[in-house]
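Reviewing the structure listed below.
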Amino acid sequence: MLSNPENSRLAIHRKDERKIMWWTVFAIGAIHLAALLALNPAYYSRSGLVLGIVLYYVAGMLGVTLCFHRLLTHRSFQTYKWMEYFLTFCGVLALQSGPMQWVAQHRIHHKEADDEPDPHSPLVTFLWAHIGWLFVSMPDCHAYEDYCRFAKDLDRDPVQRFFDRYFFQIWASFAGLVYLAGELYGGLGMSWLVWGVLVRQVLLWHATWLVNSATHLWGYRNYKTDEESTNNWWVALFAFGEGWHNNHHADQRSAAHGQRWFEIDITYMLIRLMGLTGLAWSINEPSKRIVAKRVDIMVDYDALRVSDEMNNRTASHVLQTQTDPTIPVQVPQMPSAAEAYEAALRAAGEAKEAAAKALQYAAQAIAHKQQGAVEKADHAVKELLERAKDMGMAAVEQAKFAAAQAHEFSSQAGQYAANAKERAAESARQFAEKSRALAQEAVEAATRAADEVSVAFQGIGRPIITSTI
Ligand SMILES: [Zn+2]
Ligand SMILES: [Zn+2]
């Protein structure tokens, strides 16, 4: 994979800034070697194995997944401060740097996943993402003054700063305590140390590292995110639900990473349990809007994007009604029949113009569609068609809105006419009649455009518009 010139953007290729972190190489290497003591049956004990399994969950699930990742990095739920500190302590037992550095590196990963600043993209190589990146000093990732900028929230908390600074000492003291406790329990100090600390540590490291490597390489994707993240069941199994990594990249604030029935996420179950017992609150559910983009639910990503854009356009109010037909059209009250008539004229004109535009886009779409039938493989044609669809839909909505406005204004004119004195009555009625006729025309034009557009787009995704005037 290194031969791919695209990868030169990634962090490993900043050779001038590359510096080997010898202390990390030594620590990780030594712990791997020491874990080999487990091959000696003399160090095996059932209590040591149980302790290893328990601490695997404590450090890995409570510490890394639940605390470092979902609580500290993404704040996907809230809990008490004392609980946060306890969980952070559990995370420190996983020996994966201090909480601030962990959070900062992970936020950098999310910011530019699989692009240059991403510290651990497997697009470099699998080994780089899995372990190699830990051994190399990279911009923003290793010096406190650099990474604290990405974890300002934690930097304000002296307890978190303490954990961040002394994580290794805390880990080593804990290992010493495990040894002592084992000795006191029945001369099992070495057994507890080997299984409860060393073997557990090595297995947990690799499970965590697989989230960085495997879940950007192998698995399926629920979402078309702009990096290569995947959902991978076997990583989810070893890493407490973290394997549903594509879901997580799509919706980072969600406390749940698993979304489909088979995407089991035990960390989320634990968060829910904490919620039930009052230990967690404000638990973020997957965003409905994001879930709507899941490929197994619907593929009409462009329609959603257009409707998003329309929702965002508040200034003109022109398109605001399109996503929710139950909201009535807000039309200002005109001070006189003549002005209402003028406004109705203008709105009707706009409606007709937008309707004409919609028809034009529909015609374009039909032309592209015919062309597409000849050369089906042409991706560009499909894109053009999609674009025409978006614009056609938008124009129809504009037409509908303007037509509705025209209708409103003409009825205002009618009101004035009804209230007018006898002398003015006749001419005002004429105004009203005329504007009503214009509005009717606009409504018809918009309806025609809507029909044309839906014919043109039959079979290409679901329409975003279901409203009629
Ligand atoms: Zn990722
Ligand atoms: Zn994350």
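Using the numbering used here, read the sequence shown as starting at 236 and increasing by one per residue. Even for Gly, the Cβ is constructed at its ideal location relative to N, Cα and C.
Quiz prompt | CB-CB length for Val327 against Ile405, believed under 8 Å | solution = Here residue 327 is taken as the residue at index 92 of the sequence shown, counted from 1. Here residue 405 is taken as the residue at index 170 of the sequence shown, counted from 1. The Cβ separation is near 5 Å, so the contact holds.
Quiz prompt | Cβ shell of His309 (< 7 Å), same chain only, five flanking positions each side left out | solution = Sequence index remark: in the sequence shown, residue 309 carries index 74 (1-based). Contacts found: Gln487, Arg488.
Quiz item: What number of angstroms, rounded off, separates the C-alpha of Met533 from the C-alpha of Asn467?
Solution: For the purposes of this step, residue 533 is taken as residue 298 along the sequence shown, with counting starting at 1. For the purposes of this step, residue 467 is taken as residue 232 along the sequence shown, with counting starting at 1. A caution first: Met533 carries a pLDDT of 49, below 50, which makes its placement in the model unreliable, though a value can still be read off. When rounded, the distance between both Cα atoms is 21 Å.
Practice problem: Counting only the same chain and skipping the five closest in sequence on each side, list residues whose C-beta sits under 6 Å from that of Lys587. | Solution: Working through the sequence shown from its first residue, we reach residue 587 at position 352. If we look at Lys587 and ignore the five residues flanking it on each side, its Cβ neighbours are Ala677, Ala680.
Practice problem: Could you tell me whether any non-hydrogen atom of ligand 2 is closer than 8 Å to the CB of Thr314? | Solution: As a position in the sequence shown, residue 314 is number 79, starting the count at 1. Every heavy atom of ligand 2 is 8 Å or more from the Cβ of Thr314, so no.
Quiz item: When you compare only the Cα positions, how much space is there between Leu780 and Met318?
Solution: The chain is shown from 236 up to 704; residue 780 falls before or after that span and cannot be answered.
Quiz item: For Ser448, which residues from the same chain have a beta carbon less than 7 Å from its beta carbon, with the 5 sequence-adjacent residues on both sides left out?
Solution: Indexing the sequence shown from 1 puts residue 448 at position 213. Taken in chain order, the residues that qualify are Pro357, Phe361, Ala364, His365.
Practice problem: Identify which residue in Ala648, Trp430, Leu673, Leu594 has its Cα closest to the Cα of Ser689. | Solution: Here residue 689 refers to the residue found at position 454 when the sequence shown is read from its first residue. For the residues Ala648, Trp430, Leu673, Leu594, the minimum Cα distance to Ser689 belongs to Leu594.
Quiz item: From this set, Leu297, Met504, Phe475, Gly421, which residue's C-alpha is nearest Met446's C-alpha?
Solution: As a working note, residue 446 is residue 211 in the sequence shown. Here residue 446 turns out to be Val, not Met, going by the sequence shown. Taking only the C-alpha atoms, the option nearest Val446 is Phe475.
Quiz item: Are the CB atoms of Tyr576 and Ser670 nearer to each other than 9 Å?
Solution: Taking the first residue of the sequence shown as position 1, residue 576 is located at position 341. Taking the first residue of the sequence shown as position 1, residue 670 is located at position 435. A contact, by the Cβ cut-off of 9 Å.
Exercise. Spell out the partners DSSP gives Lys254 in its beta bridges.
Key: In the sequence shown, residue 254 corresponds to position 19, counting from 1. The bridge partners DSSP lists for Lys254 are Ser372.
Quiz prompt | His309 CB to nearest heavy atom of ligand 2 below 8 Å | solution = In the sequence shown, residue 309 corresponds to position 74, counting from 1. For ligand 2, at least one heavy atom lies less than 8 Å from the Cβ of His309.
Practice problem: Specify the secondary structure class of Tyr651 as computed by DSSP and reduced to three states. | Solution: Here residue 651 is taken as the residue at index 416 of the sequence shown, counted from 1. Helix.
Practice problem: Give a single yes or no on whether Gln494 has its beta carbon closer than 8 Å to a heavy atom of ligand 2. | Solution: As a first step, residue 494 is located in the sequence shown; it is residue number 259 there, counting from the start. Checking every heavy atom of ligand 2 against the Cβ of Gln494, none is found closer than 8 Å.
Exercise. Tell me whether Ala339 sits in a helix, a strand or coil according to DSSP, three-state version.
Key: Here residue 339 refers to the residue found at position 104 of the sequence shown. Note: Ala339 maps to helix in three-state DSSP.
Quiz item: Going by alpha carbons, who is nearest to Thr682 out of Val371, Gly478, Met296, Ala590?
Solution: On the sequence shown, position 447 is the one that residue 682 refers to. By alpha-carbon distance to Thr682, the top candidate from Val371, Gly478, Met296, Ala590 is Ala590.
Quiz item: Are there 16 or more other CB atoms within 10 angstroms of the CB of Lys528, so buried, or fewer, so exposed?
Solution: For the purposes of this step, residue 528 is taken as residue 293 along the sequence shown, with counting starting at 1. Counting every other CB atom within 10 Å of its CB across the protein chains shown gives Lys528 a total of 16 or more, marking it as buried.
Practice problem: Taking Tyr648 and Ala583 to be in contact with their CB atoms under 8 Å, please state how far apart those CB atoms are, rounded to whole angstroms. | Solution: Within the sequence shown, the letter at position 413 stands for residue 648. Within the sequence shown, the letter at position 348 stands for residue 583. Looking at the sequence provided, one finds Ala at residue 648 rather than Tyr. Contact doesn't hold; Cβ gap of about 12 Å is too wide.
Exercise. Can you tell me which of the three DSSP states Tyr315 falls into?
Key: Numbered from 1 along the sequence shown, position 80 holds the residue referred to as residue 315. Looking at Tyr315 - three-state DSSP - the assignment turns out to be coil, as it is neither helix nor strand.
Exercise. Count the other CB atoms, across all protein chains shown, that sit within 10 Å of the CB of Asn482; report buried if there are 16 or more and exposed otherwise.
Key: Taking the first residue of the sequence shown as position 1, residue 482 is located at position 247. Answer is buried; the Cβ neighbour count reaches 16.
Quiz item: Should Asn234 be labelled buried (16 or more other beta-carbon atoms within 10 Å of its own) or exposed?
Solution: Past the edges of the chain, shown from 236 to 704, lies residue 234, and the structure says nothing about it.
Exercise. Grab the span of the alpha helix (DSSP H) containing Phe398 for me, first residue to last.
Key: Counting from one through the sequence shown, the residue named residue 398 turns up at place 163. Note, Phe398: alpha helix (DSSP H), 393-400.
Quiz item: From this set, Phe403, Lys387, Gln395, Ala386, which residue's C-alpha is nearest Ala262's C-alpha?
Solution: Counting from 1 along the sequence shown, the entry for residue 262 is found at position 27. Per the Cα distances, Phe403.
Quiz item: Beta carbon of Ser426: closer than 8 Å to some heavy atom of ligand 1?
Solution: Along the sequence shown, read from residue 1 onward, the residue named residue 426 stands at position 191. Relative to ligand 1, Ser426 has its C-beta separated by 8 Å or more from all heavy atoms.
Quiz item: Are the CB atoms of Thr502 and Gln331 nearer to each other than 9 Å?
Solution: Here residue 502 is taken as the residue at index 267 of the sequence shown, counted from 1. Here residue 331 is taken as the residue at index 96 of the sequence shown, counted from 1. With respect to the 9 Å criterion, Thr502 and Gln331 are not classified as neighbours on the basis of their beta carbons.
Exercise. Kindly indicate the opening and closing residues of the alpha helix (DSSP H) around Gln436.
Key: For the purposes of this step, residue 436 is identified with residue 201 of the sequence shown, where counting begins at 1. Annotation for Gln436: the continuous alpha helix (DSSP H) segment containing it runs 435-448.
Exercise. Examine ligand 2 and report whether any of its heavy atoms sits within less than 8 Å of the Cβ of His341.
Key: For the purposes of this step, residue 341 is identified with residue 106 of the sequence shown, where counting begins at 1. Yes, the Cβ of His341 comes within 8 Å of a heavy atom of ligand 2.
Quiz prompt | His441 beta carbon near ligand 2 (any heavy atom closer than 8 Å) | solution = Numbered from its first residue, the sequence shown carries residue 441 at position 206. For ligand 2, no non-hydrogen atom lies closer than 8 Å to the CB of His441.
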